[in-house]
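Chemist: In my numbering, the protein residues as written are -14 to 460.
I'd like to ask you about the structure that follows.
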Amino acid sequence: MKKTMTTTAGNPISDNQNSMTAGDRGPILMQDYQLIEKLAHQNRERIPERVVHAKGSGAFGELEITHDISAFTKAKVLQKGEKTRLLLRFSTVAGEMGAADAERDVRGFALKFYTKEGNWDLVGNNTPVFFIRDPQKFPDFIHTQKRHPQSNLRSNTAAWDFWSLSPESLHQVTILMSDRGIPLSYRHVNGYGSHTYSLINNDNERFWVKFHFKTKQGIKTLTNEEAAKVIANDRESNQRDLFENIENKNYPQWDFQIQIMSEEDANQASFNPFDLTKVWPHSDYPMIDVGVMTLNENPKNYFNEIEQSSFSPSNIVPGISFSPDKMLQARILSYPDAHRYRVGTHYESLPVNRPIVDVNTYHAAGSMNYEEKEVTNAYYEPNSFDGASQDASYSEPSLEITGNANRYDHNVNNDNYSQVKDLFNLMSDYQKEQLFNNIAESMGGVPNEIIQRQLAHFEKVSPDYSNGVKKALDK
Ligand code: NDP
-14 MKKTMTTTAG NPISDNQNSM TAGDRGPILM QDYQLIEKLA HQNRERIPER VVHAKGSGAF
46 GELEITHDIS AFTKAKVLQK GEKTRLLLRF STVAGEMGAA DAERDVRGFA LKFYTKEGNW
106 DLVGNNTPVF FIRDPQKFPD FIHTQKRHPQ SNLRSNTAAW DFWSLSPESL HQVTILMSDR
166 GIPLSYRHVN GYGSHTYSLI NNDNERFWVK FHFKTKQGIK TLTNEEAAKV IANDRESNQR
226 DLFENIENKN YPQWDFQIQI MSEEDANQAS FNPFDLTKVW PHSDYPMIDV GVMTLNENPK
286 NYFNEIEQSS FSPSNIVPGI SFSPDKMLQA RILSYPDAHR YRVGTHYESL PVNRPIVDVN
346 TYHAAGSMNY EEKEVTNAYY EPNSFDGASQ DASYSEPSLE ITGNANRYDH NVNNDNYSQV
406 KDLFNLMSDY QKEQLFNNIA ESMGGVPNEI IQRQLAHFEK VSPDYSNGVK KALDK
């Protein structure tokens, strides 16, 4: 039988086409609550878009662990044979919700694993490094990627001014301006946890770790010209590609690998292993196979499951934890803070964010708290009424920290160039040509003084790099 339409309070609606008016010609009566409810809901159909990573696409899938890495971690989600449901949200960083997909930008690669020990979120990108290493610079950096406060236009000048004054950005800038800066689709990107995290094994030993997801579809990219053509015809090229491939059961897959560094090695490494602008060279820290990740289920409701999905690197499980990486430390605060503002106090209760395990907190009430939990006398902790309590068996090994509290200049005694040189040297001539042209194109309208400052950084990587860009600028 056809259902009767109702108000949100469940009251039957007799007419959804005609407003209640005084006479045929109106005006409308204030008692037309249905109309008021409809208009009021329409005004509230959006939540604030993410300040960064606003434009995104996502899908559900599964992580299967195929190799034994129990020597490094006790995390149940990482034990051989384990299969865990997951959500992966891809995104561009700078563009607003309506931005075109095929733009030159870093791609977000945010994972939520619904594990037997609560949610594990790995909120990464399609690049192993980032533009900055100190979160003090993050809001300023993002201002340069967003719109000029007066013209409301994106500004090449702001981007290159900031980058040329922040030499730690050179590694990420080089990747962004390389052929990989515009992926053909989300299926054709690698994902990197980017930060250094830690793994803890059953003997309570800690190992530092980098997480990698390598696309089985292969890296495929677009040139600026190809991307312009794509955008002219389709602003949603990556959303369409992901959705249609999953609908057609052509499920994308990634190999899941890790790199491991012991605590002793970290103290002796020639670079700071907690610096987000650096990779761990594969030759020193070889890739270890862990498993395979598959995306096999489209969301049923984009707003509910993708727009409201809320990822945070603060969500870790026993056996996986943080590191001293300064950028990670800041994101542990800023991501949940963003969600409380953007989605609401109880954002983790929403179906897409809710863990599959029981949640036993003493957080009280708050807006939209709809959980129907039995109320007991144990509404604070410690209590004498059998309420949930701490369990010391989950304690992590202590981490020795040394040094004086101070503001340390992170560009003093820090090599911003060698790893960029390694990357530059492994590019083919064709890739280098693309790099030079992409940089030159993006420097359109940038004052010469800023260009010269940036060329000096390229020069320190290799004279071939700066000369190549100079030539492309002169074309
Ligand atoms: P390797 O030769 O062992 O690794 C090179 C890596 O570079 C490969 O993973 C390759 O990815 C990737 N790569 C190739 N072209 C590009 C590009 N245009 N943009 C980004 N990545 C690219 O060398 P090292 O481990 O010593 O690293 C050398 C340099 O490679 C680093 O300085 C860094 O810039 C880059 N890199 C290193 C990674 C690491 O974790 N060590 C990860 C990614 C990049 P693929 O296998 O998909 O071809």
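Positions of the beta carbon are idealized from the N, C-alpha and C atoms, including for glycine.
Predicted model only: the values in this text are computed from it and were never measured.
(1) Classify L107 as helix, strand or coil using the three-state DSSP reduction.
(2) For the region 260 to 319, list the beta strand (DSSP E) runs that are entirely contained and at least 3 residues long, ordered along the chain.
(3) Give the range of the alpha helix (DSSP H) segment to which T129 is assigned.
(4) Helix or strand or just coil, what does DSSP make of Q49?
(5) Please report how far the alpha carbon of H331 lies from the alpha carbon of Y236, in whole angstroms.
(6) Tell me the rounded alpha-carbon separation between S413 and T206.
(7) Let me make sure I understand the geometry here. Which of L458, K285, F241, I245 has the alpha-carbon closest to that of P336?
(8) So, helix, strand or coil for Q135, using DSSP?
(9) Tell me whether A390 is buried or exposed, calling it buried when 16 or more other Cβ atoms sit within 10 Å of its Cβ.
(10) Roughly how many angstroms lie between the CA atoms of I463 and E292, to the nearest whole one?
(11) Does the beta carbon of K199 fall short of 7 Å from some heavy atom of the ligand NDP?
(12) Leaving out the 5 sequence neighbours to the left and right, which residues in its chain are closer than 7 Å to P309 when beta-carbon positions are compared?
(13) Does DSSP classify F256 as helix, strand or coil?
(14) With Q19 as the anchor, note down where its alpha helix (DSSP H) starts and where it stops.
(15) If you run the structure through DSSP and keep just helix, strand and coil, what is Q238?
(16) Can the beta-carbon of G103 be found less than 8 Å from the beta-carbon of P340?
(17) According to DSSP, what are the bridge partners of K195?
(18) With hydrogens ignored, establish whether the beta-carbon of H180 is closer than 7 Å to any heavy atom of the ligand NDP.
(19) Distance, Cα to Cα, K406 vs V158?
(20) Under the assumption that H156 contacts I204 (Cβ atoms under 8 Å), give the Cβ distance between them as a whole number of angstroms.
(21) Do the region 83 to 98 and the region 173 to 191 touch if we need at least three Cβ pairs shorter than 8 Å?
(22) So, L107 versus Y171, is the Cβ gap smaller than 8 Å?
(23) Output the boundary residues of the alpha helix (DSSP H) element that contains I160.
(24) List the whole-angstrom C-beta distance separating A425 from L384, where the pair is believed to meet the contact cut-off of C-beta under 8 Å.
(25) Under the three-state reduction of DSSP, which class applies to S76: helix, strand or coil?
(26) Starting from the Cα of T69, find the closest Cα among D17, D322, A254, K101 and give me that residue.
(27) Can you check which of these residues, I435, D371, Q419, P432, is closest to N209 by C-alpha distance?
(28) Measuring from the CB of R165, is there a heavy atom of the ligand NDP at a distance below 7 Å?
(29) Decide if S255 is buried, meaning its Cβ has at least 16 other Cβ atoms within 10 Å, or exposed.
(30) Got a sec? Which residues, its chain only, sit under 8 Å from N223 by beta carbon, not counting five neighbours each side?
(31) Is the closest heavy atom of the ligand NDP to the C-beta of W265 under 7 Å?
(32) Between the region 146 to 154 and the region 435 to 448, do three or more beta carbon pairs fall short of 8 Å?
(33) Would you check if the region 107 to 123 and the region 312 to 330 touch, i.e. whether three or more CB-CB distances between them fall below 8 Å?
(34) Buried or exposed: V431, going by 16 or more other Cβ atoms within 10 Å of its Cβ?
(35) Using the beta-carbon count (16 or more within 10 Å), is M15 buried or exposed?
(36) Hey, is D407 close to the ligand NDP, as in C-beta under 7 Å from one of its heavy atoms?
Modeler: Considering the structure as presented:
(1) Reading the sequence shown from its first residue, position 122 is the one you call residue 107. Residue state, collapsed to three classes: strand.
(2) Runs of the beta strand (DSSP E) spanning 3 or more residues and lying entirely within the region 260 to 319 occur at 273 to 282, in chain order.
(3) Counting from one through the sequence shown, the residue named residue 129 turns up at place 144. Start and end: 123 to 130.
(4) Taking the first residue of the sequence shown as position 1, residue 49 is located at position 64. According to the sequence as given, residue 49 is Glu; it is not Gln. Residue state, collapsed to three classes: strand.
(5) Position 346 of the sequence shown holds residue 331. Position 251 of the sequence shown holds residue 236. Spanning the two alpha carbons is a distance of roughly 33 Å.
(6) The residue labelled residue 413 in the question sits at position 428 within the sequence shown. The residue labelled residue 206 in the question sits at position 221 within the sequence shown. The C-alpha of S413 lies about 15 Å from the C-alpha of T206.
(7) Mapped onto the sequence shown, residue 336 falls at position 351. Residue K285 is the option with its Cα nearest to P336.
(8) Here residue 135 refers to the residue found at position 150 when the sequence shown is read from its first residue. Taken through DSSP and simplified to helix, strand or coil, Q135 comes out as coil.
(9) Along the sequence shown, one-based indexing puts residue 390 at 405. Burial call: exposed.
(10) Look at the range of the chain in this structure, -14 to 460, and you will see that residue 463 is not part of it.
(11) Looking up residue 199 in the sequence shown gives position 214. For the ligand NDP, at least one heavy atom lies less than 7 Å from the Cβ of K199.
(12) On the sequence shown, position 324 is the one that residue 309 refers to. Excluding positions up to five away in sequence, the list reads F259.
(13) On the sequence shown, residue 256 is found 271 positions in, with the first residue counted as 1. Correct three-state label for F256: coil.
(14) Translated into positions along the sequence shown, residue 19 becomes position 34. The continuous alpha helix (DSSP H) containing Q19 extends over residues 18 to 28.
(15) In the sequence shown, residue 238 corresponds to position 253, counting from 1. Strand, per DSSP.
(16) Residue numbering aside, residue 103 sits at position 118 when the sequence shown is read from its first letter. Residue numbering aside, residue 340 sits at position 355 when the sequence shown is read from its first letter. In contact: G103 and P340 (Cβ atoms closer than 8 Å).
(17) The count along the sequence shown starts at 1 and reaches residue 195 at position 210. Under DSSP, the beta-bridge partners assigned to K195 are Q244.
(18) Position 195 of the sequence shown, counted from the first residue, corresponds to residue 180. Not a single heavy atom of the ligand NDP lies less than 7 Å from the C-beta of H180.
(19) As a position in the sequence shown, residue 406 is number 421, starting the count at 1. As a position in the sequence shown, residue 158 is number 173, starting the count at 1. In this structure, the alpha-carbon of K406 lies about 13 Å from that of V158.
(20) In the sequence shown, residue 156 corresponds to position 171, counting from 1. In the sequence shown, residue 204 corresponds to position 219, counting from 1. Not confirmed; about 18 Å, so no contact.
(21) Two segments are said to touch when three or more pairs of C-beta atoms, one from each, lie closer than 8 Å; by this definition the region 83 to 98 touches the region 173 to 191.
(22) Position 122 of the sequence shown holds residue 107. Position 186 of the sequence shown holds residue 171. Their beta carbons are not under 8 Å apart, which means L107 does not touch Y171 by this criterion.
(23) Taking the first residue of the sequence shown as 1, we reach residue 160 at position 175. Here the alpha helix (DSSP H) through I160 covers 155 to 162.
(24) Locating residue 425 in the sequence shown gives position 440, counting from the first residue. Locating residue 384 in the sequence shown gives position 399, counting from the first residue. Not confirmed; about 46 Å, so no contact.
(25) Residue 76 sits at position 91 when you count from the first residue of the sequence shown. DSSP places S76 in strand when its eight states are reduced to three.
(26) Within the sequence shown, residue 69 is the residue found at index 84, counting from 1. Put simply, of D17, D322, A254, K101 the residue whose alpha carbon is nearest the alpha carbon of T69 is K101.
(27) Residue 209 sits at position 224 when you count from the first residue of the sequence shown. Of the listed residues, the one whose Cα sits closest to N209 is Q419.
(28) Here residue 165 corresponds to residue number 180 of the sequence shown, with the count starting at 1. For the ligand NDP, at least one heavy atom lies less than 7 Å from the Cβ of R165.
(29) For the purposes of this step, residue 255 is taken as residue 270 along the sequence shown, with counting starting at 1. Around the beta carbon of S255, a 10 Å sphere encloses fewer than 16 other beta carbons of the protein chains shown; the residue is thus reported as exposed.
(30) Walking along the sequence shown from the start, residue 223 turns up at place 238. The residues are S42, F75, D86, A87, P168, S170, Y171.
(31) Counting from 1 along the sequence shown, the entry for residue 265 is found at position 280. True, at least one ligand heavy atom lies under 7 Å from that Cβ.
(32) Between the region 146 to 154 and the region 435 to 448 there are three or more inter-stretch CB-CB distances shorter than 8 Å, so the stretches are counted as touching.
(33) The count of Cβ pairs closer than 8 Å, one atom from the region 312 to 330 and one from the region 107 to 123, reaches three, so the stretches are in contact.
(34) Reading the sequence shown from its first residue, position 446 is the one you call residue 431. That one is buried.
(35) Mapped onto the sequence shown, residue 15 falls at position 30. Exposed is the call here.
(36) Taking the first residue of the sequence shown as 1, we reach residue 407 at position 422. Yes, the Cβ of D407 comes within 7 Å of a heavy atom of the ligand NDP.
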